[in-house]
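K.L.:
Numbering (the numbering used here), first residue to last: 23 to 488.
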DNA sequence: TTTTGAGTTGTTCGA
DNA sequence: GTCGAACAACTCAAA
């Protein structure tokens, strides 16, 4: 009996290792079509930053190379997946399409539409985990509801059994006759010459190397160092996890839970699952406050405050360093994200949705669920949000997490010669020190656009609706 | 149904 | 400089 052809529709699971949907397709031994669809709604210079397009191009080339090493190749098509996936299925005579379940409102709507059309044409769709460690709906409280608080979620998460990781298939038999467009490049995606110089290399090969290096060299001190802005103490795996070039499950299973650093990192992976569960359950929170009490706050919209923030000229060195890092690398240190988000929401009272969209577009790891969870936490509007009175002080945070000023001096070079003592509040420098450092506040570097103490009082009143 | 303990990431003030 | 309390009460989850 001839085996039916199966399509594996890759989206943000761009790897061969520990890929349940891929294994479901290859394990039968029949013909397989590994498909990636360039959806102009997502993959365009208008919606994705050059850093993200660069990572995606790298990842697709690496995936193709991995498939070729196994006797296959990647088939790329351009267009709306609602048209393209059923068309390819008809073209190759597919009996089934395998995919990894996604959690965003956009992906869920798209996948439901594609599923309807495929099933109407007699093509089965099987959805697998792979984007999260545990898919939405699998971690619930006793009455079956979705957790709104992280700690009980994590306890329930940890009680469930975990399947072992599945190795990459040994061979992938792709029919020779299936045509493919050329693999996209940075140039073909319209981002030539605009990719930030510090953008990381994408793809499973680079991602696996980063994971191994992190586990060997940094994970044991992750707990103590991940908040230090000037140290390489974080995993740098966020983009790899977002594009699925690292399997979160495989990464989790490589951790040694007895080491505090590993345990902290496991917690971050579980946060990722938590926010995935929350968004899948309450898709409306992508654009609306999770907390209904806080849905009509009079946030500021676009304007000079937002512009100063995103352009890195607020006059607060830690904030400006963070925003400039984002522009230069398409990435920002996690602690800097928190401080920066707090500043936009609490000091400038600018709508968290503007910050969310800005991060989503520019972060190479921009992930709807995690990004939304982080922003709603910072704004105080989300699940398990920080208390309204917790307002980060940008000077204190700088002194605490960038004590030697390595981070600020790197990204805000005009302050490089300012002594540690004044670096995080340069407006307080005595004139002689400023002269020595070659900085005139208000000329070489902006004066602070708000007074933090005043802004803090204003934020408290804002949340009290005074 | 009721009760109870707990809740990512902080700051400021006053002793 | 260090330390504890206050900052509000509320919701969530589980017993």
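Using N, Cα and C, we set each Cβ at its ideal position, and we do this for glycine too.
As the structure is a prediction and not an experimental result, all values here were calculated from the model.
Nearest to residue 430 by alpha carbon, out of 375, 342 and 298?
P.N.:
It is 342 whose Cα lies nearest to the Cα of residue 430.
K.L.:
Can you tell which of 370, 160 and 315 has its C-alpha closest to the C-alpha of residue 330?
P.N.:
It is 370.
K.L.:
For the beta strand (DSSP E) that residue 195 lies in, which residues bound it at each end?
P.N.:
That residue, residue 195, is in no beta strand (DSSP E); it is neither H nor E in DSSP.
K.L.:
Give the secondary structure of residue 27 by DSSP, where H, G and I count as helix, E and B as strand, and everything else as coil.
P.N.:
Correct three-state label for residue 27: strand.
K.L.:
Which residues mark the beginning and the end of the beta strand (DSSP E) in which residue 150 is found?
P.N.:
Start and end: 146-150.
K.L.:
With a CB to CB cut of under 7 Å and the five nearest residues on each side skipped, what residues in its chain are close to residue 40?
P.N.:
So the list reads 187, 188, 269, 271 and 272, once near-sequence residues are dropped.
K.L.:
Put residue 452 into one of helix, strand or coil per three-state DSSP.
P.N.:
In this structure, residue 452 counts as coil in the three-state DSSP scheme.
K.L.:
Tell me which same chain residues have a C-beta within less than 6 Å of the C-beta of residue 327, skipping the five on either side of it?
P.N.:
Once the five neighbours on either side are set aside, the close Cβ partners of residue 327 are 370 and 372.
K.L.:
Can you find the residues in the same chain that come closer than 7 Å, C-beta to C-beta, to residue 61, ignoring five residues on each side of it along the sequence?
P.N.:
Only 102 and 103 meet the Cβ criterion.
K.L.:
Need the endpoints of the beta strand (DSSP E) that residue 418 sits in, please.
P.N.:
Not the beta strand (DSSP E): residue 418 falls in the alpha helix (DSSP H), residues 416-423.
K.L.:
Hey, quick one: how far does the alpha helix (DSSP H) through residue 240 stretch, first residue to last?
P.N.:
That residue, residue 240, is in no alpha helix (DSSP H); it is neither H nor E in DSSP.
K.L.:
In angstroms, rounded to a whole number, what distance separates the CA positions of residue 83 and residue 231?
P.N.:
When rounded, the distance between both Cα atoms is 16 Å.
K.L.:
Within a Cβ cutoff of 8 Å, which residues of the same chain sit near residue 496, ignoring the five residues on either side of it in sequence?
P.N.:
Only positions 23 to 488 of the chain appear in this structure, which leaves residue 496 out of reach.
K.L.:
Sort 207, 335, 257 and 130 by Cα distance to residue 465 and report the nearest one.
P.N.:
It is 335.
K.L.:
Span of the alpha helix (DSSP H) holding residue 234?
P.N.:
Run containing residue 234: 226-235, per the alpha helix (DSSP H) assignment.
K.L.:
Excluding five sequence neighbours on each side, which residues of the same chain lie with their C-beta closer than 6 Å to the C-beta of residue 88?
P.N.:
Correct list, in chain order: 38.
K.L.:
Apart from the five residues on each side of it in sequence, which residues of its chain come closer than 8 Å, Cβ to Cβ, to residue 197?
P.N.:
Once the five neighbours on either side are set aside, the close Cβ partners of residue 197 are 27, 53, 55 and 114.
K.L.:
Leaving aside the five residues before and after residue 469 along the sequence, list all residues of the same chain whose C-beta is less than 8 Å from its C-beta, in chain order.
P.N.:
Cβ within range, chain order: 337, 449 and 463.
K.L.:
Measuring only the C-alpha atoms, how far is residue 279 from residue 344?
P.N.:
Answer to the nearest angstrom: the Cα atoms are 31 Å apart.
K.L.:
Quick check on the burial criterion: 16 or more other C-beta atoms within 10 angstroms. Buried or exposed for residue 140?
P.N.:
Residue 140 is buried by the Cβ-count criterion.
K.L.:
If I follow the unbroken beta strand (DSSP E) through residue 296, where does it start and stop?
P.N.:
Unbroken run through residue 296 is the alpha helix (DSSP H), 282-303; no beta strand (DSSP E).
K.L.:
At which residues does the beta strand (DSSP E) containing residue 117 begin and terminate?
P.N.:
Where residue 117 is concerned, the enclosing beta strand (DSSP E) stretches over 116-122.
K.L.:
Going by the DSSP bridge assignment, what does residue 467 pair with across the sheet?
P.N.:
Looking at the DSSP assignment, residue 467 forms a beta bridge with 463.
K.L.:
With DSSP as the reference, label residue 174 as helix, strand or coil.
P.N.:
Reduced to three states, the DSSP call for residue 174 is helix.
K.L.:
Rounding to the nearest angstrom, what Cα-Cα distance links residue 122 and residue 81 in this structure?
P.N.:
Their backbone Cα atoms lie some 17 Å apart in a straight line.
K.L.:
May I ask which residues mark the beginning and end of the beta strand (DSSP E) holding residue 54?
P.N.:
Its beta strand (DSSP E) spans residues 54-60.
K.L.:
With 16 other CB atoms within 10 Å as the buried threshold, where does residue 34 fall?
P.N.:
Buried.
K.L.:
If you check the beta carbons only, do residue 158 and residue 125 fall under 8 Å apart?
P.N.:
Cβ atoms of residue 158 and residue 125: closer than 8 Å.
K.L.:
Based on the DSSP output, what are the partners of residue 32 in its beta bridges?
P.N.:
Residue 32 pairs with 58.
K.L.:
In the DSSP assignment, find the unbroken alpha helix (DSSP H) run with residue 361 in it and report its ends.
P.N.:
From DSSP, the alpha helix (DSSP H) with residue 361 extends over 356-364.
K.L.:
Take residue 6 and list the residues in its own chain whose beta-carbon comes closer than 8 Å to its own, dropping the five residues that flank it on each side.
P.N.:
Lying before the first or after the last residue shown, residue 6 is absent from the chain, which here runs from 23 to 488.
K.L.:
Secondary structure at residue 65, three-state DSSP: helix, strand or coil?
P.N.:
Three-state DSSP puts residue 65 in coil, outside helix and strand.
K.L.:
Is it buried or exposed, residue 138, if we count other Cβ atoms within 10 angstroms and call 16 or more buried?
P.N.:
Exposed is the call here.
K.L.:
How many whole angstroms separate the CB atoms of residue 46 and residue 120, which I take to be in contact at a CB cut-off of 8 Å?
P.N.:
Rounded, the Cβ-Cβ distance is 5 Å, consistent with contact.
K.L.:
Helix, strand or coil: how does DSSP classify residue 137 here?
P.N.:
It is helical.
K.L.:
Quick one: what's got a C-beta closer than 6 Å to residue 85's C-beta in the same chain, skipping five residues either side?
P.N.:
These residues qualify, in order along the chain: 36 and 96.
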